[in-house]
Amino acid sequence: MTKKTVLIIAVIIIIFAGIVVLKRDREGGGGREKIIFAVGKMYLSAPIYVAYDKGFFAREGLDVTLQSFLAGRDALASVINGQAQFASSAETPVMFGGLKDDKIFIIATIAYSKNHLKIICRKDRGIAGPRDLRGKTVGVLRGAAPEYFLDVYLTYNGMKKDSVRIIDIKSEEMTAAIAEGKIDAAVTWDPLLTAQQKRLGDNAAVLTNDHIYNLQWTIVAGQGFVNKHRETVRKLIRALVKANEYIVNNPVDAEKITARHVTEESVSFSDYTFDIRLGQSLLLNLETEARWAIRNRLTDKREVPNFLPLMYTQGLEAVEPDAVTLIYK
């Protein structure tokens, strides 16, 4: 074999190796499928963080990149805008998406909480209880679960929505606004609540109510993506099921994993239930909140739509058939 021949073979090998590396990089490490997961940065997303840190996504052949948002509403927008394949969000933004005919699927609910949302108040504004909110300025993230929670909270305590002055406020601006006195109170959640309490110190009062609203934390994807990547959906669900089992069996470690992703403080799951399913209660929440949105003229729709077409049951049925308790047949 001549030197020229050896050189040609070497060049061919180098080119071939480069093609293989490029293909591997495009598909993800070890040939895994690249996925962008838009995540609401809160305790409710614990199964996602556990699946990511413990390698459950990777074992299913998924190379997941986490895209963090302070609110699930904004994470959902990332999917709707085509910037991510999956998102975690409360059901309220999903309801608004349904009213706007956004092409999305709910593939599972992964967490529930009756006490996720709370109202932080400044004591120096004379707020010690629910009725003290009358006439006060309350910061709320509109188009999301906090807006719905505040309305229900006021009704439960015998007040109308117009008894308070509601200010639309972004999640990232909320802590400074309450600390600087630009608002009297705010509908909040952890980890934002912990930061706000630290800023206010003894001047902070926190109002809660675990009787009025059971928030459901959903996993959402674009319909076009799901229809073309059904096996990818099943892989993601399998990873989340494993993560849920890990949380049940190793709650302390799961709290530490979640803390690394959402806060510098310790994390407690005492207000949360983690369970992978698609149930009738989710459909009831969507319909109830749609009636609220229509009544308050937050949408152009005048009738509650059929939310069943948003429920993608096939993925969860293939992995955990007993977890689908939705009445749809």
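Numbering (my numbering), first residue to last: 1 to 329.
Backbone N, C-alpha and C fix where the C-beta goes; we use that ideal spot for every residue, glycine too.
The straight-line gap separating the alpha-carbon atoms of D271 and V39 is approximately 19 angstroms. Counting other Cβ atoms within 10 Å of its Cβ, Y156 stays below 16 and is therefore classed as exposed. Counting C-beta pairs with one atom in each stretch, the region 75-86 and the region 111-118 have fewer than three that are closer than 8 angstroms, which means they do not touch. For I104, DSSP records a beta bridge to G222.
Within the DSSP secondary-structure output, F274 pairs in a beta bridge with A111.
Excluding residues up to 5 positions away in sequence, nothing lies with its Cβ nearer than 6 angstroms to the Cβ of L236 in the same chain.
Excluding residues up to 5 positions away in sequence, M95, G98, L283, L286, E287 and A290 lie with their Cβ nearer than 8 angstroms to the Cβ of F307 in the same chain.
Residue range L62 to F69 is occupied by the beta strand (DSSP E) that includes S68. Looking at the backbone, the Cα of A259 and that of G158 are separated by about 37 angstroms. Going by beta carbons, T175 and L192 fall inside the 8 angstroms limit.
Our two residues, D124 and N203, have alpha carbons roughly 7 angstroms apart in a direct line. Three or more beta-carbon pairs separated by less than 8 angstroms are not found between the region 129-139 and the region 310-327, which leaves the two stretches without contact. The alpha-carbon of S171 is positioned some 15 angstroms away from that of P93. Burial state of R277 is buried, judged by a 10 Å Cβ sphere holding 16 or more other Cβ atoms. Contact between M311 and I106 holds, with the beta-carbon distance rounding to 6 angstroms and staying under 8 angstroms.
In this model, H211 and Y148 are separated by some 14 angstroms (Cα to Cα). Only residues of its own chain outside the window of five on either side were considered, and among them Y43, E255, T258 and A259 have a CB closer than 7 angstroms to the CB of V267, listed in chain order. Per DSSP, reduced to three states, the secondary structure at V140 is strand.
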